[in-house]
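Input: a single structure, listed below in structure tokens.
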Amino acid sequence: GENVEQHPSTLSVQEGDSAVIKCTYSDSASNYFPWYKQELGKGPQLIIDIRSNVGEKKDQRIAVTLNKTAKHFSLHITETQPEDSAVYFCAASITGGFKTIFGAGTRLFVKA
Amino acid sequence: GAGVSQSPSNKVTEKGKDVELRCDPISGHTALYWYRQRLGQGLEFLIYFQGNSAPDKSGLPSDRFSAERTGESVSTLTIQRTQQEDSAVYLCASSTTPSSPLHFGNGTRLTVT
């Protein structure tokens, strides 16, 4: 079955710096890659997603890149702000399938 | 609009007792999922419901765990004879279709003493 590995487990950056979180997946059939942000005491919320027919997607300060050959995908947050502090999860699934497999999460700290 | 609602938000129970957790998905969402999140860990898939199809129970960790869903509405996750290792946050999510983004509730934090 699918396995998703996520690094780093913890990331600390200064406000205004960029943050990068990386994930790898094992099932070459996976073609949908969402990213979720989880704040303390809340459920994860979708922040951006990418499908396998594109290599990059941006939404304001957030971007995601996908390398299907290497089975890598990454989340990039620019101009980080204290409110970006949270746990971020990458995930992978197959269109038409149902099982979304999550990475172990990255706890991001943005220091003011 | 209303999101996914879970109740109770917190539950403390004694080892050996049964517990029932409830999830109200977003109206019209045919797919419903239960995940378990242990402290500081990722999300562990438990069970999936899609419409009136038979649920996929492949993630349930033992036969003490069971779940039901009434049509395309409320779901309940039942844990019998709770053990301390069952302590975790139980998250419910729903989506419009199986391959659409998941909408999560805020979870039920279960503590087994």
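Residue numbers (my numbering), protein chains in the order written: chain W, 149 to 260; chain G, 756 to 868. Think of the CB as a built atom: it goes at the ideal place given N, C-alpha and C, for glycine as much as any other residue.
Coarse secondary structure for residue i, derived from DSSP in three states
i                 : result
Glu227 of chain W : coil
Gln208 of chain W : coil
Asp779 of chain G : strand
Glu799 of chain G : strand
Gln805 of chain G : strand
Gln838 of chain G : coil
Other residues of its chain near residue i: CB distance less than 7 Å, five sequence neighbours each side excluded
i                 : result
Asp841 of chain G : Ile834, Leu865, Val867
Ala177 of chain W : Ile242
Glu153 of chain W : Cys171, Thr172, Gly251
Gln839 of chain G : Lys770, Val867
Leu194 of chain W : Pro182, Tyr184
Contacting residues, own chain, Cβ-Cβ under 6 Å from residue i (five flanking each side not counted)
i                 : result
Thr248 of chain W : Ala239, Ser241
Ser235 of chain W : Sequence check: residue 235 of chain W is Val here, not Ser. Closer than 6 Å at Cβ, skipping near neighbours: Gln186, Gly253, Arg255.
Lys205 of chain W : Ile198, Val212
Asp175 of chain W : Glu150
Lys812 of chain G : Ile802
Best match in the options for proximity to residue i [C-alpha to C-alpha]
i                 : options                                : result
Asp165 of chain W : W:Phe221, W:Arg209, W:Thr254           : W:Arg209
Ala843 of chain G : G:Pro853, G:Ser850, G:Asp779, G:Trp789 : G:Trp789
Ile196 of chain W : W:Asp175, W:Gly189, W:Tyr184           : W:Tyr184
Ser855 of chain G : G:Asn765, G:Gly783, G:Ser813           : G:Gly783
Leu815 of chain G : G:Leu832, G:Thr785, G:Ala809           : G:Leu832
Leu857 of chain G : G:Asn807, G:Ile781, G:Phe820           : G:Ile781
Val168 of chain W : W:Phe221, W:Phe250, W:Val202           : W:Phe221
Ala809 of chain G : G:Gln761, G:Cys778, G:Ala822           : G:Ala822
Nearest-angstrom beta carbon gap, residue j and residue i [assumed within contact, 8 Å]
i                 : j                 : result
Thr226 of chain W : Leu159 of chain W : No, Thr226 of chain W and Leu159 of chain W are not in contact; Cβ-Cβ is about 14 Å, not under 8 Å.
Gln792 of chain G : Leu801 of chain G : So it is not a contact: roughly 10 Å between Cβ atoms.
Ala848 of chain G : Val759 of chain G : 7 Å
Val258 of chain W : Asp232 of chain W : 5 Å
Gly826 of chain G : Tyr845 of chain G : Not really, about 21 Å apart at Cβ, beyond 8 Å.
Gln805 of chain G : Pro853 of chain G : 6 Å
Pro192 of chain W : Phe237 of chain W : 6 Å
Bridge partner(s) assigned by DSSP for residue i
i                 : result
Pro182 of chain W : W:Asp197
Leu815 of chain G : None, per the DSSP bridge assignment.
Val867 of chain G : G:Thr768
Leu832 of chain G : G:Leu776, G:Ala822
Asn215 of chain W : W:His220
Arg255 of chain W : W:Thr158, W:Val235
Glu163 of chain W : BP columns for Glu163 of chain W are empty, so no partner.
8 Å Cβ shell around residue i - same chain, five flanking residues per side excluded
i                 : result
Thr768 of chain G : Val774, Thr837, Leu865, Thr866, Val867, Thr868
Ser157 of chain W : Ala252, Gly253, Thr254, Arg255
Ser764 of chain G : Asn861, Gly862, Thr863, Arg864
Lys766 of chain G : Val774, Leu776, Thr863, Arg864, Leu865, Thr866
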